[in-house]
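Protein chains in written order, with this note's numbering: chain A, 12 to 125; chain B, 12 to 125. Just so you know, even glycine gets a beta-carbon here, dropped at the ideal spot from N, CA and C. The structure appears right after this line, and notes come after that.
If you want it as structure tokens, here you go:
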């Protein structure tokens, strides 16, 4: 029987009691806030409207045990935003989980024969 | 710090070289073909058009190493369809994989703290 290469794909997200809380889209938004120091620039970098990015941040902040993003008002560059410790942790936890699952997947991929 | 219950969610599918090949939707279609003995009845049971179900079956049959569904023409009840051994195997492989990943997830779920 000829061989065929199958690849296992997976999409992961974390639900909080009220539904979807953190997936790769939100994780990337958090990373960009960390890199750019503002929600406006983070949103621009992923071609998202400021309004939508702001709503996602509000939603995460409200539903996490501790806020993930802290808004900073005033200062030389106008208003900005930084990740809290909880925000940094959320990114790490997400990738740790993704890595764990990818390890299982890479062990399984070569065993699939359909 | 208050406790919060997070749940890890995951969606799995299998890519073949030309892209998505088998996900939960197609697996359910295969199961229903097995149960009902026809593509028409399988499609009805999941509120899918016959045309779409037929196209999914054609696509799977063309892209798997061996066809997953065999169409039977004639007979008392008109034309029907049955799963081949490869079709049975595809269902099993998919659920085996899902179970493996769910084991990792259930070990991880209670450890998430964000």
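Selection 90(B), 26(B), 51(B) evaluated against residue 15(A) yields 26(B) as nearest (Cα-Cα).
Among the CB atoms of chain A, one or more fall inside 8 Å of the CB of residue 28(B). Annotation for residue 50(A): the continuous alpha helix (DSSP H) segment containing it runs 50-56. Sequence-distant partners of residue 56(A) (beyond 5 residues in either direction) whose C-beta falls short of 6 Å from its own C-beta, in its chain, are 43. Taking C-beta separations shorter than 7 Å and ignoring five residues to either side along the sequence, the partners of residue 50(B) in its chain run 44, 61, 64, 65, 68, 92, following chain order.
Contact annotation, residue 17(A) with residue 105(B): C-beta distance approximately 11 Å; criterion of less than 8 Å not satisfied. Per DSSP, residue 40(B) lies in no beta strand (DSSP E); the unbroken alpha helix (DSSP H) holding it starts and ends at 35-47. For residue 68(A), the uninterrupted alpha helix (DSSP H) run begins and ends at 61-74, by DSSP. In the three-state reduction of the DSSP assignment, residue 82(B) falls in the strand class, which pools E and B. Counting other Cβ atoms within 10 Å of its Cβ, residue 22(A) stays below 16 and is therefore classed as exposed.
Excluding its 5 nearest sequence neighbours in each direction, residue 94(B) has C-beta neighbours in its own chain below 7 Å: 41, 44, 45, 79, 80, listed in chain order.
Sequence-distant partners of residue 72(A) (beyond 5 residues in either direction) whose C-beta falls short of 7 Å from its own C-beta, in its chain, are 78, 79, 80. Interface criterion met: the Cβ of residue 104(A) is under 8 Å from a Cβ in chain B.
Around the C-beta of residue 36(B), fewer than 16 other C-beta atoms lie within 10 Å, and the residue is accordingly described as exposed.
At a cut-off of 8 Å between C-beta atoms, residue 53(A) does not count as an interface residue with respect to chain B.
The CB of residue 119(A) comes closer than 8 Å to the CB of 108, 111 in chain B, given here in chain order.
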